[in-house]
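Step one of this worksheet: look at the structure below.
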């Protein structure tokens, strides 16, 4: 296997693993819409924002899988993870919450690497990486 084939395969696998989290979580929220709204409201977040959360998670996950606009999707999902960590996992004296906080930040870090280096070669042609900015 050539270095570029390995790099492109690793980028694809990384995108799929990152996307799996967001696709799964959006499915859970879709199939448990009311309880998901109530969960958000317990943290002082208006439940009416749940459709926006679903757009970010589901839309971003699909874009990562396809490799379409993946740098933009990764940047949006990274910001989402940082915000979610701060809003929902801020009881850092609780070891479990600290772990979730750290995981959210680590996922954001992986997404920022994807944003910086692009999705690799295995993407739909429409989504060829373009420079940000």
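Residue numbers (this note's numbering): 138 to 270. In this text, a Cβ means the ideal position worked out from N, Cα and C, and glycines have one as well.
Of the residues 238, 204, 163, the one whose Cα lies closest to the Cα of residue 193 is 163. A contact is defined here as three or more CB-CB pairs under 8 Å, and the stretch 197-210 fails this definition with respect to the stretch 174-187.
Under the DSSP assignment, residue 233 falls in the alpha helix (DSSP H) whose first and last residues are 232-254. Residue burial annotation: residue 138 is exposed, with fewer than 16 other C-beta atoms found within 10 angstroms of its C-beta.
By the Cβ neighbour-count rule, residue 142 is exposed, with fewer than 16 other Cβ atoms within 10 Å of its own. Distance check between residue 170 and each of 250, 224, 241, 190 places 190 closest, using alpha-carbon atoms only. In this structure, the CA atom of residue 242 is about 31 Å from the CA atom of residue 262. Two segments are said to touch when three or more pairs of C-beta atoms, one from each, lie closer than 8 Å; by this definition the stretch 195-206 does not touch the stretch 228-241.
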